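Residue numbers (UniProt numbering): 1 to 131.
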């Protein structure tokens, strides 16, 4: 197994523009999971570090959805102890640039997005700008 540096706990914070993306790749956590896998496969416990607010159930559901839709692969290793790693598929890797563009857009329009959210100018979608 190749050692990669651990993911920083502050990779995503509550004020990160990626948390306000008006576009969805799966659920709320999917874009952040894809970004966490950008530098190589990760174990479930490694993904939990920067996604500190995600519940185990939500992370599991997100990973299953990403796997079902072809963005992430799940590999089980039985050497010498059982371990599971998640990695980007070519389709998942191809989603990184559009996600990065969406993050740049959200950063550029950060104040407008916050104003719209605080003003209640959206629909009933709650956390999504585009319903």
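Backbone N, C-alpha and C define an ideal beta-carbon position, used for all residues, glycine too.
Every value quoted in this text rests on a predicted model; they were computed, and no experiment measured them.
Look at residue 75 here: in three-state DSSP terms it is strand. Secondary-structure assignment with DSSP links residue 85 through a beta bridge to 43, 75. In this model, residue 73 and residue 41 are separated by some 9 Å (Cα to Cα).
The three-state secondary structure of residue 57, taken from DSSP, is helix.
Note that the C-beta distance between residue 56 and residue 68 is not below 9 Å. When DSSP states are grouped into helix, strand and coil, residue 29 belongs to the coil group. Cβ neighbours of residue 30 within its own chain (closer than 8 Å, five residues either side excluded): 24, 62, 65, 66, 71.
Here residue 51 is buried, its C-beta having at least 16 other C-beta atoms within 10 Å. In the DSSP annotation of this structure, the continuous segment of the alpha helix (DSSP H) that includes residue 92 starts and ends at 90–94.
Around the beta-carbon of residue 54, 16 or more other beta-carbon atoms lie within 10 Å, marking it buried.
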